[in-house]
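Chemist:
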Amino acid sequence: MKKNWLLRIVFGIAGVLIVAVIAVLIWQKGYYGKRWYGNTTINGVDVSKQTLAESKQKLIEAHKDYSLTIKAREDGILTINGSDIDYKFDIGSQFDDLFATQHGSMSFFGKKRDYTMDYDVDYDAKKVAKIASESALMTGDGYKIKKPVNAHVKYSAKKKQYECVAEKLGNKLKKKVFIQAIEDTLQKAQTEMDLTDEKAFPDVYKAPKITSEDEELQTALSACNNAAIRFIKWNMGEGVTEQITPEEISRWITYKNGKVKYDKTAISDWIEAFCLKYKTVGKTRTIKDHNGKNVKIYGGDYGWQMDYEKTLSQALKALKKPIDASLTEAYINDAGTDNQEALTIKCKVEYLNTAFQKDYNNFAVDWDTQNYTEISLADQMVYVFRNGKVAYSCKTISGKPVEGRSTPTGAYFIKEHNTHRVLKGENYYLVSMAVLLIALFGFFAHFEKERPGVMLLTMIASLCALAIAGRIAFFFLPQIKPIAAVVILAGVSFGGEVGFVTGALSAFVSNFYFGQGSWTPFQMVALGLVGFFAGVFFYGRESKRWLVALYGFFAVVIIYGAIVDLNTIFFTSQQLSLSVVCFVYLSGLPFNLLFGAATAGFLFCLYKPVLRRIERMVKKYRLFDKNEV
Numbered sequence: 003m004k005k006n007w008l009l010r011i012v013f014g015i016a017g018v019l020i021v022a023v024i025a026v027l028i029w030q031k032g033y034y035g036k037r038w039y040g041n042t043t044i045n046g047v048d049v050s051k052q053t054l055a056e057s058k059q060k061l062i063e064a065h066k067d068y069s070l071t072i073k074a075r076e077d078g079i080l081t082i083n084g085s086d087i088d089y090k091f092d093i094g095s096q097f098d099d100l101f102a103t104q105h106g107s108m109s110f111f112g113k114k115r116d117y118t119m120d121y122d123v124d125y126d127a128k129k130v131a132k133i134a135s136e137s138a139l140m141t142g143d144g145y146k147i148k149k150p151v152n153a154h155v156k157y158s159a160k161k162k163q164y165e166c167v168a169e170k171l172g173n174k175l176k177k178k179v180f181i182q183a184i185e186d187t188l189q190k191a192q193t194e195m196d197l198t199d200e201k202a203f204p205d206v207y208k209a210p211k212i213t214s215e216d217e218e219l220q221t222a223l224s225a226c227n228n229a230a231i232r233f234i235k236w237n238m239g240e241g242v243t244e245q246i247t248p249e250e251i252s253r254w255i256t257y258k259n260g261k262v263k264y265d266k267t268a269i270s271d272w273i274e275a276f277c278l279k280y281k282t283v284g285k286t287r288t289i290k291d292h293n294g295k296n297v298k299i300y301g302g303d304y305g306w307q308m309d310y311e312k313t314l315s316q317a318l319k320a321l322k323k324p325i326d327a328s329l330t331e332a333y334i335n336d337a338g339t340d341n342q343e344a345l346t347i348k349c350k351v352e353y354l355n356t357a358f359q360k361d362y363n364n365f366a367v368d369w370d371t372q373n374y375t376e377i378s379l380a381d382q383m384v385y386v387f388r389n390g391k392v393a394y395s396c397k398t399i400s401g402k403p404v405e406g407r408s409t410p411t412g413a414y415f416i417k418e419h420n421t422h423r424v425l426k427g428e429n430y431y432l433v434s435m436a437v438l439l440i441a442l443f444g445f446f447a448h449f450e451k452e453r454p455g456v457m458l459l460t461m462i463a464s465l466c467a468l469a470i471a472g473r474i475a476f477f478f479l480p481q482i483k484p485i486a487a488v489v490i491l492a493g494v495s496f497g498g499e500v501g502f503v504t505g506a507l508s509a510f511v512s513n514f515y516f517g518q519g520s521w522t523p524f525q526m527v528a529l530g531l532v533g534f535f536a537g538v539f540f541y542g543r544e545s546k547r548w549l550v551a552l553y554g555f556f557a558v559v560i561i562y563g564a565i566v567d568l569n570t571i572f573f574t575s576q577q578l579s580l581s582v583v584c585f586v587y588l589s590g591l592p593f594n595l596l597f598g599a600a601t602a603g604f605l606f607c608l609y610k611p612v613l614r615r616i617e618r619m620v621k622k623y624r625l626f627d628k629n630e631v
């Protein structure tokens, strides 16, 4: 009995529900048959529960005074009025089709429906493009345009390491994509356009090439930390140290194409400033003169001066030194003293000049204030101080007080300690001129009488230039110079007179670079005779290069060395004696032997190739035709 009652109740309820549903469907069919379902939007316009005619009228009215508002990044706004672009709107046939499609299915509980469709829209595309191109969003007029910034690594002074900096999107639009997006929006007759919606407009803005998710960024982070996290330290003495820190190094490195590169100019500038900081050469010093007065002096070559080139080399070597990655990682986790010490590269201070003492409280006090030598240019006197008092004095002769001859003031090192050397006044100029006139006049006068041709003079000038260039090019190698070899080749090729002229002129002109003095006429005569005798012995003969090289050795040692050493004897020795002569020649013999060996070596290498080229020039230009000689 109970079962029958339950069944009746269940079937009754079910029947009521079925009737209710049928009634709702009938009502919905009757009510919504000519209306849009609830929660319906078309291109953003709400047409819920409106008849087809009402919705059409609403859309027509909505687009009567049409305008499109564009929202951009950085609070950018652009409004395009329909009247400015000749905007025309027509619903078109798709609207009816969309209505029919919606009513092809039943709607329950007001399900939301957002439709998009293309209306029959017309506008002037050129005007749209012009408005978009000239807008502040594109030009930046009253609106700051920011370019996208790639994600990158940057040194953090606070964290004492490199860290990743996220990319910045910026607000720089892609012109063509921007205009096309506007046209697409106009075609849908939408009144709002949100460019900040990256899903709707993913490509309208220029995007960063490198983002925080890129694996390359982590590689760059590791490489930069390994390159920058190190300490390069110099112990300056007196408890003073100088060091290059990771923060400083971070300013010098860039990461590109998977490699860390150093700014060598910036490194050089730092090293230069470092060296200048501890340079005392040329600084103003206060000394007590022989009258007991404090006198300020400046200039000179005395003082501390670091070796810039060696210090720079130390820094570059330390920067490129491989560092264990575990040490770098330990410092990143804990930038304590112990981990810093493990990453410290210690360098030795290299000096060009050293002075008596260091006083970092007063750099100018780098000399022995109790023991020094004063040279008074006004008094032409030398005063030697010991324990702060004048212990010895004597007369001296300084340079003439005229331009180019005056003695510069300042603090200087003592360059030499020599005995048996005195100044002998200005007579050496007369002696030099006498040697020059006697030894050189005859050769040059005779050469001039021969009236050499233009081509021969050109060849002599070329040989002189080659000899001079060779001497200058090898200036850093004492006594190892090809000048004598070139002079000998000139004598071998063109005779003794040409050899002498080439040697004398080469010595004279090259001394404008190395310095003119009483030695110049002696060098002119010496090199001239080396070239002259080369012409006497070898001109017009086929000679073996070893024989010419052998001549070069002995000519330099015997002829050149003997004549040049005469200058030393005449102008440095107070008394001329056999012992003085022997002493001077023996003192200069190692240098003469080295010069002779170098000359022989240059001749052995250059003899054949140079002579072949000279012979071709002689034949080509007929240097020894009667009309040319």
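For the sequence shown, the working numbering assigns the number 3 to the initial residue and increments by one for each residue that follows.
Note that beta-carbon positions come from the ideal geometry of N, C-alpha and C, so glycine has one too.
1) With distances taken Cα to Cα, identify the nearest neighbour of Glu311 among Leu278, Val283, Ile470 and Glu185.
2) Let me check one thing: in DSSP terms, what residues is Cys166 bridge-paired to?
3) Let me know if Pro484 comes out buried or exposed under the rule of 16 or more other beta-carbons within 10 Å of its beta-carbon.
4) Between which two residues does the beta strand (DSSP E) containing Phe365 stretch?
5) Whose C-beta lies closer than 8 angstroms to the C-beta of Lys170 among residues of the same chain, with five residues either side of it excluded?
6) Quick check: what's the CA-CA separation for Ile231 versus Asn237?
7) Contact between the segment 35-55 and the segment 113-126: three or more CB pairs below 8 angstroms?
8) Report the rounded CA-to-CA distance for Tyr68 versus Glu56, giving the unit in angstroms.
9) Suppose the cutoff is 7 angstroms on Cβ atoms and the five residues either side in sequence are ignored; what does the same chain contact list for Asp567 look like?
10) Return the chain-ordered ranges of every alpha helix (DSSP H) run that is complete within the segment 486-528 and spans a minimum of 4 residues.
11) Verify the contact flag: Gly46, CB atom, against every heavy atom of the ligand NAD, threshold strictly below 7 angstroms.
12) Name the two residues that bound the continuous beta strand (DSSP E) containing Phe91.
13) What number of angstroms, rounded off, separates the C-alpha of Leu613 from the C-alpha of Trp521?
14) Just reading off the beta strand (DSSP E) that Lys258 is part of, what are its end residues?
15) In chain order, what residues of the same chain have a beta carbon less than 7 angstroms from the beta carbon of Ala344, not counting five sequence neighbours either side?
16) Based on Cα-Cα distance, which residue from Leu314, Asp92 and Ser408 lies nearest to Gln382?
17) Who are the Cβ neighbours of Asn341 in its own chain at under 6 angstroms, not counting the five residues just before and after it?
18) What first and last residue would you give for the alpha helix (DSSP H) that runs through Thr339?
19) With distance defined between alpha-carbon atoms, name the residue in Val367, Met308 and Leu596 nearest to Pro480.
20) I need the DSSP call for Phe97, collapsed to helix, strand or coil.
21) To the nearest angstrom, how far is the alpha carbon of Gln104 from that of Glu200?
22) Out of Tyr257, Ser545 and Cys396, which has the shortest C-alpha to C-alpha gap to Tyr157?
23) How far does the beta strand (DSSP E) with Tyr264 in it reach, from first residue to last?
24) From Asp77 to Asp216, what distance separates their C-alpha atoms?
25) How do the segment 43-50 and the segment 183-192 stand: do at least 3 beta-carbon pairs fall below 8 angstroms, yes or no?
26) Comparing alpha-carbon positions, which option in Ser214, Glu185 and Phe180 lies nearest Thr198?
27) Are the CB atoms of Ile482 and Phe476 nearer to each other than 8 angstroms?
28) Identify whether Gly542 lies in helix, strand or coil by the three-state DSSP scheme.
29) Do you know offhand how far Glu63's Cα is from Lys51's?
Modeler: The relevant details are as follows:
1) Of the residues Leu278, Val283, Ile470 and Glu185, the one whose Cα lies closest to the Cα of Glu311 is Leu278.
2) Val155
3) buried
4) Looking at the DSSP string, Phe365 is not in any beta strand (DSSP E), and its letter there is neither H nor E.
5) Lys148, Pro150, Val151 and Pro210
6) 20 angstroms
7) yes
8) 19 angstroms
9) Val586, Tyr587 and Gly590
10) Counting only unbroken stretches of 4 or more residues, the alpha helix (DSSP H) elements lying wholly within the segment 486-528 are 498-516, in sequence order.
11) The ligand NAD is not part of this structure, which contains no ligands at all.
12) Lys90 to Asp92
13) Using only the alpha carbons, I get a separation of about 31 angstroms.
14) Ile255 to Lys258
15) Answer for Ala344: Leu329, listed in chain order.
16) Ser408
17) Ala332 and Tyr333
18) Thr339 to Ala344
19) Leu596
20) helix
21) 30 angstroms
22) Tyr257
23) Lys261 to Tyr264 is the span of the beta strand (DSSP E), which, as asked, contains Tyr264.
24) 29 angstroms
25) yes
26) Nearest C-alpha to Thr198: Phe180.
27) Going by C-beta atoms, Ile482 is nearer than 8 angstroms to Phe476.
28) coil
29) 18 angstroms
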